[in-house]
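For reference, the structure discussed in these notes is given below.
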Amino acid sequence: MADPFDAALDLLRRLPPSKTQQNLNGIISLRPDLEEDLLSAVDVALAVKRCSKTGRDYLCCDYNRDGNSYRSPWSNAFEPPIDPDDAADLIPGGRVRRMEENLNTAVDVYRELYYEGGTSSAYLWALDDGFAGVVLFKKSTNASASAGKGGWDSIHVFEVNEAAGKRSAHYRLTSTVILDLGLSSQSVDNLDLAGNLTRQTQADLSCGFRDSEVELQHVVNIGRTVEDMETRMRNMLQEVYFGKAKDVVGDLRSIQPLSEAEKDRAAHRDVLEKMQR
Numbered sequence: 099m100a101d102p103f104d105a106a107l108d109l110l111r112r113l114p115p116s117k118t119q120q121n122l123n124g125i126i127s128l129r130p131d132l133e134e135d136l137l138s139a140v141d142v143a144l145a146v147k148r149c150s151k152t153g154r155d156y157l158c159c160d161y162n163r164d165g166n167s168y169r170s171p172w173s174n175a176f177e178p179p180i181d182p183d184d185a186a187d188l189i190p191g192g193r194v195r196r197m198e199e200n201l202n203t204a205v206d207v208y209r210e211l212y213y214e215g216g217t218s219s220a221y222l223w224a225l226d227d228g229f230a231g232v233v234l235f236k237k238s239t240n241a242s243a244s245a246g247k248g249g250w251d252s253i254h255v256f257e258v259n260e261a262a263g264k265r266s267a268h269y270r271l272t273s274t275v276i277l278d279l280g281l282s283s284q285s286v287d288n289l290d291l292a293g294n295l296t297r298q299t300q301a302d303l304s305c306g307f308r309d310s311e312v313e314l315q316h317v318v319n320i321g322r323t324v325e326d327m328e329t330r331m332r333n334m335l336q337e338v339y340f341g342k343a344k345d346v347v348g349d350l351r352s353i354q355p356l357s358e359a360e361k362d363r364a365a366h367r368d369v370l371e372k373m374q375r
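With the sequence shown counted from 1, adding 98 to any position gets you the numbering used here.
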């Protein structure tokens, strides 16, 4: 008999990507014992919550979650509050919290420049030989007759290994982009395009020569790595995936009426025949 967790993942891969959250909730309702494993293994569109202490929006994911509570990067507190003993282990402090605050400030500027809206969040946690974190971006548009609907979710999970006595660190980044587009009009009827793309990269980067520079240099290195990865993934989506989808849809159904297309082909053949003569 197949393992229930593997079977659930296989089922989600075969169902429409645009309904991953709905299907995930259905599977969890049938098998509540798989909830933690599925939530940590399946990438879904990010949810937005508002910090009650600062009034700023932040993004929710498995990396800032404890049960049904989520930690705000702006107040560094869980909402709803969790047990103080658990909070001591889950809420970062010291240099990790300082870097988290600086990273949130940096990605907020990046979000405004590149997305011109949307929501961003960054979360860090300590490791034995360094630290790890996640940078999140989300932007969505409402459905309209002219522009349709669209949603972009970026999840960048990274790990930083700091070698003792060295002024460099090893950065490993795993990025996932979840895209959901839809259009409904008389010319194309109903069109849905959804899916996700995951890529990885790693590099050894300098962290500065003075201890006071290390924290800020980590933020700079993470920001540049995320920016480069997002640019590559966006170009890949636009040139490869959208280009291929456009070719396939164009072969299946033409927006131009067949009668007009046949006239264009006839005119094209007529020009070629005259050139040959």
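By construction, the Cβ of each residue, glycine as well, lies at the ideal position given by its N, Cα and C atoms.
Using a threshold of 8 Å, state whether the C-beta atoms of alanine 145 and aspartate 278 are closer than that.
What you label residue 145 is simply residue 47 of the sequence shown in a count that begins at 1. What you label residue 278 is simply residue 180 of the sequence shown in a count that begins at 1. Not closer than 8 Å, so no.
Is the distance from the Cβ of proline 171 to the Cβ of glutamate 198 below 8 Å?
Taking the sequence shown and counting its residues from 1, one reaches residue 171 at position 73. Taking the sequence shown and counting its residues from 1, one reaches residue 198 at position 100. Going by C-beta atoms, proline 171 is nearer than 8 Å to glutamate 198.
Can you list the alpha helix (DSSP H) stretches of 4 or more residues lying completely in the segment 179–217, in chain order?
Complete alpha helix (DSSP H) runs here, min 4: 182–188, 192–212.
When we look at the beta-carbon of aspartate 251 and count the other beta-carbons within 10 Å, is it buried (16 or more) or exposed?
For the purposes of this step, residue 251 is identified with residue 153 of the sequence shown, where counting begins at 1. It is buried - the Cβ of aspartate 251 has at least 16 other Cβ atoms within 10 Å.
Any idea what DSSP makes of asparagine 240, helix, strand or coil?
Stepping through the sequence shown from its first residue, residue 240 is reached at position 142. Note: asparagine 240 maps to coil in three-state DSSP.
Would you tell me roughly how many angstroms separate the C-alpha atoms of glycine 216 and leucine 157, rounded to the nearest one?
To locate residue 216, count along the sequence shown from 1; it is residue 118. To locate residue 157, count along the sequence shown from 1; it is residue 59. Each residue's alpha carbon lies about 10 Å from the other.
In the structure shown, what three-state DSSP assignment does serine 116 receive?
Counting from 1 along the sequence shown, the entry for residue 116 is found at position 18. Here serine 116 sits in helix by DSSP.
Identify whether aspartate 155 lies in helix, strand or coil by the three-state DSSP scheme.
Counting from one through the sequence shown, the residue named residue 155 turns up at place 57. Strand at aspartate 155.
For a test of the three-state rule: what should DSSP assign to asparagine 319, helix, strand or coil?
The residue given as residue 319 occupies position 221 in the sequence shown. In this structure, asparagine 319 counts as helix in the three-state DSSP scheme.
Alanine 301 bridges to which residues according to DSSP?
By one-based count along the sequence shown, residue 301 stands at place 203. Note: alanine 301 sits in a beta bridge opposite Tyr269.
Helix, strand or coil for alanine 175 per DSSP?
Taking the first residue of the sequence shown as position 1, residue 175 is located at position 77. Note: alanine 175 maps to coil in three-state DSSP.
How about aspartate 164 and leucine 136: do their beta carbons lie closer than 8 Å?
Within the sequence shown, residue 164 is the residue found at index 66, counting from 1. Within the sequence shown, residue 136 is the residue found at index 38, counting from 1. Cβ distance not < 8 Å, so aspartate 164 and leucine 136 don't count as in contact.
In the structure shown, what three-state DSSP assignment does lysine 264 receive?
Along the sequence shown, one-based indexing puts residue 264 at 166. Looking at lysine 264 - three-state DSSP - the assignment turns out to be coil, as it is neither helix nor strand.
Under the assumption that valine 324 contacts histidine 268 (Cβ atoms under 8 Å), give the Cβ distance between them as a whole number of angstroms.
In the sequence shown, residue 324 corresponds to position 226, counting from 1. In the sequence shown, residue 268 corresponds to position 170, counting from 1. Incorrect: roughly 16 Å between the Cβ atoms, too far for contact.
Mapping DSSP to helix, strand and coil, what is serine 310?
Here residue 310 corresponds to residue number 212 of the sequence shown, with the count starting at 1. Looking at serine 310 - three-state DSSP - the assignment turns out to be helix.
In the DSSP assignment, what are the bridge partners of valine 140?
Counted from its first residue, the sequence shown places residue 140 at position 42. According to DSSP, valine 140 bridges with nothing at all.
Measuring alpha carbon to alpha carbon, tell me which of Asn202, Asp206, Asn174 ends up nearest glycine 191.
Taking the first residue of the sequence shown as 1, we reach residue 191 at position 93. Cα-wise, what sits closest to glycine 191 is Asn174.
Which residue comes first and which comes last in the alpha helix (DSSP H) that contains alanine 346?
The count along the sequence shown starts at 1 and reaches residue 346 at position 248. It is worth fixing the name first, because residue 346 is valine in this sequence and not alanine. Start and end: 340–350.
So does tyrosine 208 have its beta carbon nearer than 7 Å to some heavy atom of the ligand PLP?
With respect to the ligand PLP, the structure offers nothing, as it holds no ligand at all.
Taking only the alpha-carbon atoms, compute the straight-line gap between lysine 237 and arginine 196 and give it to the nearest angstrom.
As a position in the sequence shown, residue 237 is number 139, starting the count at 1. As a position in the sequence shown, residue 196 is number 98, starting the count at 1. In a straight line, the C-alpha of lysine 237 is about 26 Å away from that of arginine 196.
Relative to the alpha-carbon of serine 138, which residue among Gly321, Ile126, Gly248, Ile320 has its alpha-carbon at the smallest distance?
Numbered from 1 along the sequence shown, position 40 holds the residue referred to as residue 138. Here the closest residue by C-alpha is Ile126.
Can you round the beta-carbon distance between valine 232 and cysteine 159 to whole angstroms, since I take them to be within the 8 Å contact cut?
As a working mapping, residue 232 is identified with position 134 in the sequence shown. As a working mapping, residue 159 is identified with position 61 in the sequence shown. Right, the Cβ-Cβ distance comes to about 7 Å (below 8 Å), so this counts as a contact.
Starting from alanine 145 and walking both ways along the beta strand (DSSP E), at which residues does that stretch end?
Reading the sequence shown from its first residue, position 47 is the one you call residue 145. Its beta strand (DSSP E) spans residues 145–148.
On the criterion of 16 or more Cβ atoms from any shown chain inside 10 Å, does threonine 118 qualify as buried, or is it exposed?
Translated into the one-based positions of the sequence shown, residue 118 becomes position 20. So threonine 118 ends up on the buried side.
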